[in-house]
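Residue numbers (my numbering): 932 to 1358. Idealized CB from N, CA, C, for every residue including glycine. Note that the structure is a prediction, hence the values are computed from the model and not measured. Below is one structure, written out as structure tokens; the observations come after it.
The following block contains the structure:
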């Protein structure tokens, strides 16, 4: 759902669909959240590269002994009965360094995973944008549909008013019975009620658009142009399979699982590191002239037995890869079916829309004939009302199909990441 902060007050803002979409891109909280996710993954990717730097730290320790440490020489010498070795108060400071030389490839695989997670976050952002584009199309053109229905019903109300006035004149002239006038009046009252209902739905749809855009008093200016896409079915299918974020994200997850398996394998190899320390002060030792102030060396660690089981962990990681491979294979099939079916629905909606042109012309001509016949006393109010209802229903049906067409078109363009083509077809 489109979620935004409280409404920003402004007067009568005319917005095309493209302007509305650009506004949503800048202000939609869900998109902003995904953008922050990308930024977070970029920071983590940088952090993974820094694992190749050494660990350097300073340690400081203060210890107070109950008494100094001394060496008792009484049995040996009466001159120096004891020698103090360590003061009662001890302060130890050291600069330490550990630099991994070999980790079995764990650091490289960790860097690769971080890069893949960054790509995955970008796909999540792209998916959010495409889903939001579809949602905005439903809301924006929903206002267009309710406007068209309201305008159509208003025209039908005007026609019903003219018919009722004509019926009154004919009754006064003694040409028709009162029941014909009552029939015309009932039809007029129903027409008014339908117009009121349509107006209420229009206002509700406008509220939804205002809320989605975080604006007030917005007025959509884009109409629906029912056109056939310039590209054929296979083009959209291939574009979907090559670029849809869910499929790209599965690619990243499969690669991540592969790197994670390699990390598990790397745990079978030893870790080798260079280490060293420099003691900044060892004055707590009374006789420290013979003690070194620094050391350097190499350490190696190879776990022989550890909790968790290394081999089962490697096998489990391999199973995750296999699961993701199967998931992607099924997703490819599902996305191909979805792209093909959506394309066919777009084409069918476009053909259905234009096929109603003849029905509209027939309904318009029939209404004219029935009105003329009624005025000449050759038709009843029921016949005129039926003709008007037929025209009204056909017009509304065509507008509804146009709305269905544009929603399906936005879905097709989102699937194939062809938003620019959407604008080309709606110009």
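Going by DSSP, name the residue or residues bridged to residue i.
i	result
residue 1025	990, 1210
residue 944	1149
residue 1227	1207
residue 1232	1202
residue 1251	Note: residue 1251 sits in no beta bridge, so no partner.
residue 959	BP columns for residue 959 are empty, so no partner.
residue 1000	1017
Closer than 7 Å: is that where the CB of residue i sits relative to any heavy atom of the ligand SAH?
i	result
residue 1234	In the structure on display, the ligand SAH does not appear, and there are no ligands present to speak of.
Using a 10 Å radius around the Cβ and a threshold of 16 neighbouring Cβ atoms, would you call residue i buried or exposed?
i	result
residue 1349	buried
residue 1105	exposed
residue 1163	exposed
residue 934	The pLDDT assigned to residue 934 is 43, lower than 50, so where the model puts this residue is not dependable; a value taken from the coordinates is nonetheless given after this. Exposed.
residue 1112	buried
residue 1256	exposed
residue 1268	exposed
residue 989	exposed
residue 1225	exposed
residue 1247	exposed
residue 997	exposed
residue 1227	exposed
residue 1345	buried
residue 1277	buried
residue 1124	exposed
residue 1303	exposed
residue 1046	buried
residue 1108	exposed
residue 1323	buried
residue 1051	buried
residue 932	Annotation note: pLDDT 39 at residue 932 (below 50); position unreliable, coordinate value reported separately. So residue 932 ends up on the exposed side.
residue 1141	buried
residue 1145	buried
residue 994	exposed
residue 1019	exposed
residue 1236	exposed
residue 941	Unreliable positioning characterises residue 941 in this predicted model, as indicated by a pLDDT of 43, which lies under 50. A coordinate reading is not provided.
residue 981	exposed
Quick check on this structure: which residue in the options has the alpha carbon closest to the alpha carbon of residue i?
i	options	result
residue 1341	1272, 1066, 1050, 1205	1066
residue 1049	972, 1090, 1292, 1107	972
residue 1170	1114, 1263, 1095, 1141	1263
residue 1023	1043, 991, 1200	991
residue 1306	1191, 1122, 969, 1095	1095
residue 1198	1232, 1206, 1189	1232
residue 1327	1109, 1070, 1290, 1062	1290
residue 1189	1273, 1254, 1030, 963	1254
residue 1279	1044, 1317, 1300, 1160	1160
residue 955	1040, 1183, 1068, 1045	1068
residue 1031	987, 1054, 1017, 1060	987
residue 946	1154, 1017, 1205, 1339	1154
residue 1135	1149, 1179, 1266	1149
residue 1325	1146, 1042, 1083, 1251	1083
residue 1223	1208, 1237, 1236, 1234	1208
residue 1137	1000, 1054, 1073	1073
residue 1200	1036, 1329, 1245	1036
residue 1193	1034, 1020, 1343	1034
residue 1039	976, 1087, 1088, 1064	976
residue 1196	1156, 1184, 1240	1240
residue 1301	1315, 958, 1347	1315
residue 1053	958, 948, 1178, 1093	1178
If you measure between the beta carbons of residue i and residue j, is that distance less than 8 Å?
i	j	result
residue 1098	residue 1286	no
residue 979	residue 1210	no
residue 1078	residue 1132	no
residue 1090	residue 1271	no
residue 985	residue 1029	yes
residue 1143	residue 1080	no
residue 1356	residue 1121	no
residue 1176	residue 1061	yes
residue 1151	residue 1274	no
residue 1380	residue 1321	The first residue shown for the chain is 932 and the last is 1358, placing residue 1380 beyond what the model contains.
residue 1204	residue 1230	yes
residue 1343	residue 1166	no
residue 1180	residue 1055	yes
residue 1338	residue 1283	no
residue 1334	residue 949	no
residue 1409	residue 1063	No information on residue 1409 is available, as it lies outside the stretch 932 to 1358 that the chain covers here.
At a Cβ threshold of 8 Å, is residue i touching chain B?
i	result
residue 1184	Among the chains in the structure shown there is no chain B, since it carries only a single protein chain.
Problem set entry | Within the region 1124 to 1162, ranges of the beta strand (DSSP E) (whole runs, at least 3 residues) | 1149 to 1151
Problem set entry | Contained beta strand (DSSP E) runs [length at least 3] in the region 1013 to 1093, N- to C-terminal order | 1013 to 1017, 1020 to 1033
Problem set entry | Completely contained alpha helix (DSSP H) runs for the region 1334 to 1358, where each covers 4 or more residues | 1350 to 1356
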